[in-house]
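With mature numbering (1 follows the signal peptide of the UniProt record, and there is no 0) applied, the sequence shown corresponds to residues -21 to -1, 1 to 88, in that order.
Encoded as structure tokens, the structure appears first; notes follow it.
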Amino acid sequence: MDIIWEIFLIFQVNLIVCTSAQPNPPKIHEGWWAYKEVVQGSFVPVPSFWGLVNSAWNLCSVGKRQSPVNIETSHMIFDPFLTPLRLNTGGRKVNHVLCDVCMATVSVR
């Protein structure tokens, strides 16, 4: 279960970095990504669930925050020369697919 959280958080950070790199993102992209309770029969942890996991993330469960990860987008720097994201699973076999409709798909096998 830990690897799922790691992948999910890495995906969130990657999505925020990609979308924050544009100074004025076009309005057409709004609504392309959304939380869903079920994806192909699997539970997807939505922000309200995170407040139940850890009391420090309570604001997530009442709709005041979307993520327990506090990313200061004003401090982010866009680097077009970053290498592709690589996940180290520590030798564990994983088979998960995270997808963001029309924008990105992360497949870990």
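All C-beta atoms in this analysis are idealised placements derived from N, C-alpha and C, irrespective of residue type, glycine included.
Residue range of the alpha helix (DSSP H) that includes residue i
| i | result |
| --- | --- |
| F57 | Taken as a continuous stretch (DSSP letters only), F57 belongs to no alpha helix (DSSP H), as it is neither H nor E. |
| W36 | Premise fails: W36 is in no alpha helix (DSSP H) and is neither H nor E. |
Supposed close pair residue i, residue j - CB separation, criterion 8 Å
| i | j | result |
| --- | --- | --- |
| S40 | S53 | S40 to S53, Cβ: 26 Å. No contact. |
Cβ-based neighbour list, residue i, same chain, cut-off 6 Å, excluding 5 preceding and 5 following
| i | result |
| --- | --- |
| G30 | W36, N37, C39 and S40 |
| S34 | none |
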